[in-house]
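Participant:
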Amino acid sequence: GNTSCKTTVVKKSAKMGHFSQLLIVVAVIAVLGAHATDDSSGGNPELLKKIHDHCIKETHTSEEDVENFKKGAAVDNKNLKCYAKCIMMEAGSMTPQGDVDIPTFLKSLPDSRKGPAKEMLKKCSNFTDKNLCERAYKIFKCSRETDPKNFFII
Numbered sequence: 002g003n004t005s006c007k008t009t010v011v012k013k014s015a016k017m018g019h020f021s022q023l024l025i026v027v028a029v030i031a032v033l034g035a036h037a038t039d040d041s042s043g044g045n046p047e048l049l050k051k052i053h054d055h056c057i058k059e060t061h062t063s064e065e066d067v068e069n070f071k072k073g074a075a076v077d078n079k080n081l082k083c084y085a086k087c088i089m090m091e092a093g094s095m096t097p098q099g100d101v102d103i104p105t106f107l108k109s110l111p112d113s114r115k116g117p118a119k120e121m122l123k124k125c126s127n128f129t130d131k132n133l134c135e136r137a138y139k140i141f142k143c144s145r146e147t148d149p150k151n152f153f154i155i
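Per my numbering, residue 2 is the first one in the sequence shown, and the count goes up by one each step.
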């Protein structure tokens with residue numbers, strides 16, 4: 002008889018594809034408009050929590066450091082920097098080379114937010130640090146300083 006087993010493997014990217022626009026909006030840098038779920042992006046807090054939890058675990062970042070950074074504190078440690086990189090990579094908003102995928106990011110925003118996003122990205126997406134954790138952290142920090150009202154990190 003035939004004793005082979007068939008195993009179906011669902012790729013992570015296939016599962017995440019449906020939510021990629023929201024992820025790019027939320028995870029890239031700043032959500033320009035305070036609320037990540039109040040527009041056409043749909044909102045999926047569970048998926049965002051999964052990415053957050055995955056990146057916390059992978060980088061050994063403390064929830065306290067993430068919260069303090071959100072509030073504007075200067076949290077300058079390697080784990081938080083790599084957390085920023087992890088969030089961007091998981092969302093597909095940073096290429097493996099460390100570049101911000103600006104066209105994809107802008108495409109995911111409602112028209113009303115594209116102008117402010119372009120300005121912020123012009124200022125905050127040109128870091129060239131070889132260390133991608135450092136680069137991602139600088140992008141988040143620049144975004145927070147450029148537009149503190151709308152800054153968002155999951």
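For glycine and all other residues, C-beta sits at the position ideal for the given N, C-alpha and C. Just so it is clear, the structure is predicted and the values come from calculations on it, not from any experiment.
Among Asp112, Glu65 and Met89, whose alpha-carbon lies nearest the alpha-carbon of asparagine 78?
Facilitator: Answer by Cα proximity: Glu65.
Participant: Name the DSSP beta bridge partners of valine 101, please?
Facilitator: Partner(s): Met95.
Participant: Just the C-alpha distance for aspartate 112 and lysine 119, rounded to the nearest angstrom, thanks.
Facilitator: Approximately 11 Å, taken between the alpha carbons.
Participant: For histidine 55, which of helix, strand or coil comes out of DSSP?
Facilitator: Three-state DSSP puts histidine 55 in a helix.
Participant: Is the beta carbon of threonine 60 closer than 8 Å to that of asparagine 80?
Facilitator: For asparagine 80 and threonine 60, yes; Cβs fall inside 8 Å.
Participant: What do you get for lysine 131, buried or exposed, if any count of 16 or more other CB atoms within 10 angstroms of its CB means buried?
Facilitator: Burial call: exposed.
Participant: Of the residues Lys71, Ala92, Leu49 and Ser144, which one's Cα is nearest the Cα of lysine 123?
Facilitator: Comparing Cα positions, the closest option is Ser144.
Participant: Using the C-alpha atoms, what's the distance from isoleucine 140 back to phenylalanine 178?
Facilitator: As shown, the chain starts at 2 and ends at 155. That puts residue 178 outside it, with no answer to give.
Participant: In or out: alanine 137 buried (at least 16 other Cβ within 10 Å) or exposed?
Facilitator: Counting Cβ neighbours within 10 Å, alanine 137 comes out buried, since at least 16 surround it.
Participant: Under 6 Å Cβ to Cβ from isoleucine 52, same chain only, skipping five residues before and after it: list those, please.
Facilitator: Here the set comprises Glu91.
Participant: Tell me whether the beta-carbon of lysine 82 lies closer than 8 Å to the beta-carbon of cysteine 134.
Facilitator: Yes, Cβ-Cβ distance for lysine 82 and cysteine 134 is below 8 Å.
Participant: Compare the Cα-Cα distances from proline 104 to each of Thr62, Val67 and Ser126 and report the closest residue.
Facilitator: The option with the nearest alpha carbon to proline 104 is Ser126.
Participant: Buried or exposed: where does alanine 75 fall if 16 or more other Cβ atoms within 10 Å of its Cβ makes it buried?
Facilitator: Answer is exposed; the Cβ neighbour count stays below 16.
Participant: Below 8 Å on the Cβ atoms is my contact criterion, and I expect valine 67 with tyrosine 84 to pass it. Report the Cβ-Cβ distance as a whole number of Å.
Facilitator: About 7 Å; that satisfies the 8 Å criterion.
Participant: With a threshold of 6 Å on Cβ separation, who are the neighbours of cysteine 87 within its own chain once the five nearest residues in sequence on each side are excluded?
Facilitator: These residues qualify, in order along the chain: Cys56, Glu59 and Thr60.
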